Amino acid sequence: MITYEYPLNERIRTLLRLEDLFERSRYFIARGGAHDHHMALITLFEVLEVASRADLKSDLLQELERQKQVLHAFRDNPEISEEALDSVLRDIEQASGAILAMTGKIGQYLRENEWLMSIRQRTNIPGGVCEFDLPSYHYWLQQPPDTHRHDLQLWLSPFLAMRDAITAGRRAFRAGRIPRKLYATASSPVDGLID
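Plus 366 on top of the position in the sequence shown (first one is 1) and you've got our numbering.
Structure, rendered in structure tokens:
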């Protein structure tokens, strides 16, 4: 069974994109190969791109506030664990505070790193990160995996407040929804092609 989420507004779509990118970066950083860490860096560039929307912080804060209001409506409900509800509300409060504490443009520290931006620019060219194009990058890729992990986590760390806010907001949102089972007939992507 495959589970799909189908958001109906662009704000939620953006948050789901970021959630997916953060999960993908976590996956690739945890692995040990140079190709995995290359993919982690590419994913970091994607996070930077999606997170660079000017209204993202305010959208995220609005979504957290909306989830908080929805959860407050569950107070004094005998079917709801007050302890669990308090825990989720506390997570949302902490996430909101961390987002409010973020200063400047999201990801500006990465944009100011000329070495990373030269790699980012070359990744837009098919095959543009060959060793003859970016020898310093290939030197970095030949370093021990722990060096890559340290650097990748360092570059990702300023995004963690946003990741935690998205996680808290999405967890609250999903907990307050009832999933529906819908069935679709499977078709091959090549069905309907003319010979």
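Every residue gets a Cβ at the ideal spot worked out from N, C-alpha and C, and that includes glycine.
Just so we're clear, the structure is a prediction, and the values are computed from it rather than from any experiment.
Asked, Found
"Where D386 falls: helix, strand or coil (DSSP)", "helix"
"Boundaries (first-last residue) of the alpha helix (DSSP H) holding M405", "400–417"
"Minimum length 3: unbroken beta strand (DSSP E) runs contained in the region 477–530", "none"
"8 Å Cβ cutoff met for A439 and F525", "no"
"Cβ distance (whole Å) where Q487 is taken to contact I458 below 8 Å", "In fact, because the Cβ distance is near 38 Å, the residues do not count as touching under 8 Å."
"Range covered by the alpha helix (DSSP H) that runs through E459", "448–467"
"8 Å Cβ shell around A527 - same chain, five flanking residues per side excluded", "A461, A464, I465, A467, M468"
"First through last residue of the alpha helix (DSSP H) which encompasses R441", "Unbroken run through R441: none, as it is neither H nor E."
"Where E445 falls: helix, strand or coil (DSSP)", "coil"
"Between the CA atoms of L500 and V454 - distance to the nearest angstrom", "45 Å"
"Inter-residue CB distance, L414 and G494 (contact presumed, cutoff 8 Å)", "Actually they do not touch by this definition, with Cβ atoms about 17 Å apart."
"Residue burial classification, N535 (beta-carbon count within 10 angstroms, cutoff 16)", "Contrary to the premise, residue 535 reads as Gly rather than Asn in this sequence. Per the 10 Å Cβ criterion, buried."
"Per-residue DSSP class, three states only, for K434", "helix"
"Distance, H403 Cα to D561 Cα", "At D561, the pLDDT of 46 sits below 50, so the modelled position is not reliable and the matter cannot be decided from this model."
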